[in-house]
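To convert, take the position in the sequence shown, counting from 1, and add 1366; that gives this note's numbering.
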Amino acid sequence: MTTKLSVRTVAEVVGVVSVVVSVIFLAMQVQQANQQARVSFAHDLQASYNGWHELLVSVPGAADLLMSPQPDSALTPGEVRQRRSLVVYLFNVWMTVHTAWENGLVSDLEYEGYTNDVRSMTDNPVAVGIMRDLLDHRYPEARSFPIFAPAQEAR
């Protein structure tokens, strides 16, 4: 009977150790998958920024239009739409950054860097006006997102 008990005890201990090793292995796999997701997201985000910059340099007059202090009334309807689209493009990237930050795909330090990108856009009064319109009318829930604090402060 003692031999049966010891074999049983050894089997239970081996079983418990196997479960613990399996859980540790799974935790390592999840951690690796999370790291891969963060790297993939960072790559996609950089591609979005690169796409925006490519628009500015490849579309004649796009950068000048974005930085123009002229009111919408002084522009053609197409120019108004183009300027708005350039700002909305970045705004949507920043919305994505915020969602990723809330879900742990962007660190606090990276988030602060993107918030500084928003802050740099507040030097452009027309862009601020477009962001205000988006925050007030299209995405009012985003007014509480820290990434848009610089746009809120520019009010």
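Think of the CB as a built atom: it goes at the ideal place given N, C-alpha and C, for glycine as much as any other residue.
How should T1481 be labelled, buried or exposed, when 16 other C-beta atoms within 10 angstroms of its C-beta is the threshold for buried?
With a threshold of 16 other beta carbon atoms within 10 Å, T1481 meets it and is buried.
Taking contact to mean 3 or more Cβ pairs, one atom from each stretch, closer than 8 Å, check whether the segment 1449-1465 and the segment 1410-1428 are in contact.
Counting Cβ pairs under 8 Å, three or more are found: they touch.
Buried versus exposed call for W1394 [16 or more other C-beta atoms within 10 Å across all chains shown]
It should be pointed out that residue 1394 corresponds to Met in this sequence rather than to Trp. Flag for M1394 reads exposed.
Tell me the start and end of each unbroken alpha helix (DSSP H) in the segment 1410-1436 that is at least 4 residues and wholly inside, in chain order.
Fully enclosed alpha helix (DSSP H) runs of no fewer than 4 residues occupy 1428-1433 of the segment 1410-1436, in order along the chain.
Report buried or exposed for L1501, applying the criterion of at least 16 other Cβ atoms within 10 angstroms of its Cβ.
L1501 counts as buried, since at least 16 other C-beta atoms from the protein chains shown sit within 10 angstroms of its C-beta.
Boundaries (first-last residue) of the alpha helix (DSSP H) holding H1503
No alpha helix (DSSP H) contains H1503, which DSSP labels as neither H nor E.
Exposed or buried, R1374, counting other C-beta atoms within 10 Å across all chains shown (16 or more means buried)?
Counting of Cβ neighbours within 10 angstroms places R1374 among the exposed residues, the total staying below 16.
Quick one, are the C-beta atoms of L1431 and E1445 less than 8 Å apart?
A contact, by the Cβ cut-off of 8 Å.
G1470: which of I1390, V1389, A1399 sits nearest, CA to CA?
Taking only the C-alpha atoms, the option nearest G1470 is A1399.
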